[in-house]
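A.B. asks:
There are 2 protein chains.
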Amino acid sequence: MTTMTIAGAQLGPTQKADSREQVVARMIALLEQAASKGATLVVYPELALTTFFPRWYMPDWNEVDTWFEREMPNGATMPLFERARDLGVAITFGYAELTPDGHHFNTSILTNRKGEIVGKYRKIHLPGHDEYDPNRGFQHLEKRYFEPGDLGFNVWRNEGVIMGMAICNDRRWPETYRCLGLQGVELVTIGYNTPAVNAEMSAEGKEKRLFHSELSLQAGAYQNATFVAGIAKAGMEDGHPLMGGSIIVDPDGFILARAETEDDELITADCDFSKCAFGKSTIFDFARHRRIEHYGRITSQTGVKVEV
Amino acid sequence: MTTMTIAGAQLGPTQKADSREQVVARMIALLEQAASKGATLVVYPELALTTFFPRWYMPDWNEVDTWFEREMPNGATMPLFERARDLGVAITFGYAELTPDGHHFNTSILTNRKGEIVGKYRKIHLPGHDEYDPNRGFQHLEKRYFEPGDLGFNVWRNEGVIMGMAICNDRRWPETYRCLGLQGVELVTIGYNTPAVNAEMSAEGKEKRLFHSELSLQAGAYQNATFVAGIAKAGMEDGHPLMGGSIIVDPDGFILARAETEDDELITADCDFSKCAFGKSTIFDFARHRRIEHYGRITSQTGVKVEV
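Set out below in structure tokens:
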């Protein structure tokens with residue numbers, strides 16, 4: 000029976016002018032807080048090192064590239080990796096990745112408790128758009144600045160637990176959890192940066208957006224009998240509000256811990272991974288109950304086809 | 000813009016000794032109530048015509064077959080079809096289907112407002128087991144008495160709305176909604192009979208089971224931008240409790256109407272189907288956002304493969 004105290008390190012806002020070093024110092028403070036509570040894994044948000052830059056239209060790719068990391072760890076993040084190693088805490092966080100051959104991804108990495116990177120995920124479900132859109136309240140240019148992830152949905156056995164990663168908008172797609180569930184996932188870590196306002200429906204309101212985030216995280220957990228940690232960057236970044244609402248969910252879909260602020264805030268949950276077994280062996284025993292012969296459209300057809 | 004008042008006709012318990020005619024009389028009473036409220040579609044539960052007989056182990060298939068319908072409509076149900084036609088109300092309900100060539104399915108049909116059957120669905124995700132299980136608090140022999148549905152997940156344009164059907168346990172599987180969503184579904188009707196007690200974990204409790212039902216129905220609605228009606232048979236059937244909790248959900252995942260009792264009870268919701276368009280054209284614009292090249296496991300692999 001594997002149990003682990005998981006920490007979600009919600010980050011408050013990071014402004015354009017803030018340096019990586021400033022952010023990493025905040026991440027280390029949360030890491031130390033987590034270690035003091037006995038946590039052995041800390042989950043940070045998507046694009047943890049910078050402001051959520053896809054809200055800004057940048058025609059100049061030299062400027063765009065200033066938001067990307069060319070290696071990981073690097074000078075700015077090495078103190079985080081070193082402190083995590085010294086404390087014996089595994090970490091996962093997101094960052095914008097620029098590969099040596101010039102590809103741009105919205106990436107997250109997972110380390111073991113020795114500070115070694117054991118897993119990498121590149122965001123598959125990129126939301127938003129790829130050209131400046133004058134009809135939006137603000138821009139959401141993830142499809143401009145990133146390529147869709149090319150690594151697929153993978154899991155890693157880390158500290159005895161089968162872990163998978165996803166990023167932000169991935170959490171709204173049941174395909175994400177199912178691809179991981181089919182690999183026996185026991186913990187899905189999902190960092191996010193979600194505007195508190197819908198750029199295409201400003202009347203929507205933050206409460207509805209929090210509900211949709213929770214609904215997706217909870218359903219993904221229940222329907223795959225896995226723990227899920229959804230961890231936000233939150234608060235007002237250069238005048239643009241991000242919602243918080245970081246939660247850790249158990250394999251029943253129940254919320255074990257929830258962030259109350261929109262600032263740097265640590266939440267923790269004691270996760271007993273043996274609790275994944277009941278759902279995986281009964282109502283969600285995939286081998287007995289799934290009927291793949293009827294699921295063909297899910298992989299053969301990208302968009303809607305109205306045939307009636 | 001298509002709007003329609005949808006009624007969910009939750010049914011209270013039906014005992015083994017109750018006749019089809021008695022049940023149909025109750026269904027007609029709910030139909031008339033629905034018509035008086037302006038509803039033009041009534042959604043009834045799974046296996047609406049009988050008690051939930053899969054809880055009983057029957058070694059004799061002649062006895063099993065007494066729970067099945069050989070044609071639809073038939074003598075017992077014709078009054079329902081006729082009254083629905085006269086009132087101009089479309090209906091959908093579930094029943095146990097025995098085909099002329101001897102196949103057994105857990106089936107639902109959909110009619111138009113003229114009382115004509117326009118769609119048929121056979122339950123794909125059969126829960127439970129196929130042999131007597133002495134370790135269960137009670138039996139759930141759907142895998143014994145039914146074959147998995149052979150018709151796939153389909154939609155029909157009925158009274159201007161793209162409708163799809165699913166049955167009971169199908170509602171817990173995101174594949175169900177996605178297969179329908181990829182066909183542009185605007186309303187998914189799902190009848191169910193769900194024991195209020197988990198036969199394999201009696202301590203679970205009804206509240207948790209209601210939560211799981213709602214979570215699945217709400218997530219399916221939101222993630223496919225469709226209305227969903229989940230309608231129960233409820234109450235104490237020959238000493239075995241079924242949970243109620245019938246709900247109608249909008250494309251945002253919000254609950255529009257909820258049954259309060261565990262008896263015959265009508266719930267209604269005014270559904271504006273133009274509300275499906277926003278989600279389908281923005282965050283769940285499948286053509287822009289889905290990445291089928293990474294979903295392969297969903298259709299190539301039935302059960303879990305732990306490879307780490």
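Going line by line, the protein sequences match chains L and C. Numbering follows numbering that gives the first Met the number 0, in which position 100 of the first sequence is assigned residue number 99; successive positions increment by one, without gaps. Numbering follows numbering that gives the first Met the number 0, in which position 190 of the second sequence is assigned residue number 189; successive positions increment by one, without gaps. C-beta: ideal position from N, C-alpha, C; glycine also.
1. Can you tell which of C/Ala95, C/Ile27, C/Ala34, C/Ala83 has the C-alpha that lies nearest to the C-alpha of C/Thr49?
2. From the DSSP output, which residues share a beta bridge with C/Gly159?
3. Who are the neighbours of C/Ala286 on chain L, taking C-beta pairs under 9 Å?
4. Could you work out which residues of chain L lie near C/Trp155, taking near to mean beta carbons separated by less than 8 Å?
5. Distance check for C/Glu264 and C/Asp249, CA to CA, integer angstroms please.
6. With distance defined between alpha-carbon atoms, name the residue in C/Ser273, C/Thr281, C/Met235 nearest to C/Glu261.
7. Going by the DSSP bridge assignment, what does C/Gln300 pair with across the sheet?
8. Who are C/Lys119's beta bridge partners in DSSP?
9. By the 10 Å Cβ neighbour count, where 16 or more other Cβ atoms means buried, how is C/Met242 classified, buried or exposed?
10. Just the chain L side, please: which residues come within less than 7 Å of C/Lys207 by C-beta, in chain order?
11. Among L/Leu79, L/Asn168, L/Gly163, L/Phe67, which residue has its Cα nearest to the Cα of L/Leu209?
12. When DSSP labels each residue in this structure, what does C/Tyr294 get in the three-state scheme?
13. Classify C/His102: buried if its beta carbon has 16 or more other beta carbons within 10 angstroms, exposed otherwise.
14. With distance defined between alpha-carbon atoms, name the residue in L/Gly183, L/Ala276, L/Thr1, L/Thr39 nearest to C/Glu199.
15. Keeping to the same chain, check which residues put their C-beta closer than 6 Å to that of L/Asn197; ignore five residues upstream and five downstream.
16. Under 6 Å Cβ to Cβ from L/His124, same chain only, skipping five residues before and after it: list those, please.
17. Out of C/His293, C/Gln300, C/Val307, C/Gln14, state which residue places its alpha-carbon closest to the alpha-carbon of L/Thr301.
18. Kindly identify the DSSP beta-bridge partner or partners of L/Glu130.
19. Should L/Ser35 go down as buried or exposed, given a rule of 16 or more other Cβ atoms within 10 Å for buried?
20. Pick out the complete alpha helix (DSSP H) segments inside the segment 20-98 of chain L, 4 residues or longer, and give them in chain order.
21. Determine, for C/Glu213, whether the minimum Cβ-Cβ distance to residues of chain L falls below 7 Å.
22. Spatial neighbours of L/Ile90 within its chain, please: C-beta separation below 6 Å, excluding the five flanking residues on both sides.
23. Determine which residues of the segment 80-114 of chain L have a Cβ less than 7 Å from any Cβ of chain D, and write them out in chain order.
24. Hey, could you find the ends of the alpha helix (DSSP H) C/Arg143 is sitting in?
25. Do C/Leu186 and C/Met164 have their C-beta atoms closer together than 7 Å?
26. Of the residues that make up the segment 115-131 of chain C, which ones have a beta carbon closer than 8 Å to any beta carbon in chain L?
27. When the Cα of C/Ala33 is compared with those of C/Leu86, C/Gly159, C/Arg177, which residue comes out closest?
28. Report the residue from L/Thr13, L/Ala8, L/Gly118, L/Ser273 whose alpha carbon sits nearest the alpha carbon of L/Ile230.
29. What are the boundary residues of the beta strand (DSSP E) that includes L/Lys113?
30. Where L/Trp228 and L/Ser280 are concerned, what is the direct C-alpha to C-alpha distance, given to the nearest angstrom?
31. With distances taken Cα to Cα, identify the nearest neighbour of L/Asn223 among C/Leu181, C/Tyr221, C/Ser215.
32. Flag this pair as yes or no: are the beta carbons of C/Lys207 and C/Leu10 separated by less than 7 Å?
33. Pull up the CB-CB distance for L/Pro147 and C/Arg290, whole angstroms please, since I reckon it's below 8 Å.
34. Using a Cβ-Cβ distance cut-off of 7 Å, determine whether C/Gln9 contacts chain L.
35. Can you tell me whether C/Arg69 is buried or exposed, with buried defined as 16 or more other CB within 10 angstroms of its CB?
36. Closest Cβ-Cβ distance between L/Leu29 and chain C: below 7 Å?
C.D. replies: Concretely, from the data shown:
1. Stepping through the second sequence from its first residue, residue 49 of chain C is reached at position 50. Considering only alpha carbons, the answer is C/Ala95.
2. The sequence position of residue 159 of chain C within the second sequence is 160, counting from 1. Per DSSP, none; premise fails for C/Gly159.
3. If you number the second sequence from 1, residue 286 of chain C lands on position 287. Here the neighbours are Thr301, Gly302, Val303.
4. Here the question's residue 155 of chain C lines up with position 156 in the second sequence. Going along chain L in sequence order, the residues near C/Trp155 (Cβ under 8 Å) are Val307.
5. As a working note, residue 249 of chain C is residue 250 in the second sequence. As a working note, residue 264 of chain C is residue 265 in the second sequence. Whole-angstrom Cα-Cα distance: 20 Å.
6. Looking up residue 261 of chain C in the second sequence gives position 262. Out of C/Ser273, C/Thr281, C/Met235, C/Met235 has the C-alpha closest to the C-alpha of C/Glu261.
7. For the purposes of this step, residue 300 of chain C is identified with residue 301 of the second sequence, where counting begins at 1. None, per the DSSP bridge assignment.
8. Residue mapping note: residue 119 of chain C aligns to position 120 of the second sequence, counting from 1. Looking at the DSSP output, C/Lys119 sits in a beta bridge with C/Ile108.
9. For the purposes of this step, residue 242 of chain C is taken as residue 243 along the second sequence, with counting starting at 1. When all chains shown are included, C/Met242 counts as buried.
10. For the purposes of this step, residue 207 of chain C is taken as residue 208 along the second sequence, with counting starting at 1. Those within 7 Å of C/Lys207 in chain L are Asp251.
11. Locating residue 209 of chain L in the first sequence gives position 210, where the first residue counts as 1. With distances taken between Cα atoms, L/Leu209 lies closest to L/Asn168.
12. The sequence position of residue 294 of chain C within the second sequence is 295, counting from 1. C/Tyr294: coil per DSSP, three-state reduction.
13. Numbered from its first residue, the second sequence carries residue 102 of chain C at position 103. Of the other Cβ atoms in all chains shown, fewer than 16 fall within 10 Å of the Cβ of C/His102; this residue is therefore exposed.
14. For this step, residue 199 of chain C is matched to residue 200 along the second sequence. The shortest C-alpha separation from C/Glu199 is found at L/Ala276.
15. Along the first sequence, read from residue 1 onward, the residue named residue 197 of chain L stands at position 198. A distance below 6 Å between beta-carbons, with the five flanking residues on each side excluded, links L/Asn197 to the following residues of its chain, in chain order: Glu203.
16. Within the first sequence, numbered from 1, the residue matching residue 124 of chain L stands at position 125. The answer, listed in chain order, is Asn168, Asp169, Trp172.
17. Here residue 301 of chain L refers to the residue found at position 302 when the first sequence is read from its first residue. For the residues C/His293, C/Gln300, C/Val307, C/Gln14, the minimum Cα distance to L/Thr301 belongs to C/His293.
18. On the first sequence, residue 130 of chain L is found 131 positions in, with the first residue counted as 1. L/Glu130 is not bridged to any residue.
19. As a position in the first sequence, residue 35 of chain L is number 36, starting the count at 1. Exposed, by the Cβ-count rule.
20. Listed in chain order, they are 60-64, 77-86.
21. Along the second sequence, one-based indexing puts residue 213 of chain C at 214. Output row for C/Glu213: interface = no.
22. In the first sequence, residue 90 of chain L corresponds to position 91, counting from 1. Closer than 6 Å at Cβ, skipping near neighbours: Val41, Ala83, Thr110.
23. No chain D is part of this structure, whose protein chains are labelled L and C.
24. Against the second sequence, residue 143 of chain C aligns to sequence position 144. Per DSSP, C/Arg143 belongs to the alpha helix (DSSP H) from 141-144.
25. Your numbering for residue 186 of chain C matches position 187 in the second sequence. Your numbering for residue 164 of chain C matches position 165 in the second sequence. The Cβ-Cβ distance between C/Leu186 and C/Met164 does not fall below 7 Å.
26. Of all residues in the segment 115-131 of chain C, the ones placed with a Cβ closer than 8 Å to any Cβ belonging to chain L are Ile123, His124, Leu125, Pro126, in chain order.
27. Locating residue 33 of chain C in the second sequence gives position 34, counting from the first residue. It is C/Leu86.
28. One-based indexing of the first sequence puts residue 230 of chain L at position 231. That would be L/Ala8, whose Cα lies nearest to the Cα of L/Ile230.
29. Against the first sequence, residue 113 of chain L aligns to sequence position 114. Counting along the chain, L/Lys113 falls outside any beta strand (DSSP E), and DSSP gives it neither H nor E.
30. Against the first sequence, residue 228 of chain L aligns to sequence position 229. Against the first sequence, residue 280 of chain L aligns to sequence position 281. The residue asked about is misnamed: residue 228 of chain L is Ala in this sequence, not Trp. Approximately 22 Å, taken between the alpha carbons.
31. Residue numbering aside, residue 223 of chain L sits at position 224 when the first sequence is read from its first letter. Selected option, being the one with the closest Cα: C/Ser215.
32. Here the question's residue 207 of chain C lines up with position 208 in the second sequence. Here the question's residue 10 of chain C lines up with position 11 in the second sequence. Result no, Cβ atoms of C/Lys207 and C/Leu10 do not sit closer than 7 Å.
33. Locating residue 147 of chain L in the first sequence gives position 148, where the first residue counts as 1. Locating residue 290 of chain C in the second sequence gives position 291, where the first residue counts as 1. Going by Cβ atoms, the distance from L/Pro147 to C/Arg290 rounds to 6 Å, so yes, they are a contact pair.
34. The count along the second sequence starts at 1 and reaches residue 9 of chain C at position 10. Not one chain L Cβ lies under 7 Å of C/Gln9.
35. Residue numbering aside, residue 69 of chain C sits at position 70 when the second sequence is read from its first letter. C/Arg69 should be labelled exposed.
36. One-based indexing of the first sequence puts residue 29 of chain L at position 30. Chain C, which has no Cβ nearer than 7 Å to the Cβ of L/Leu29, makes this no.
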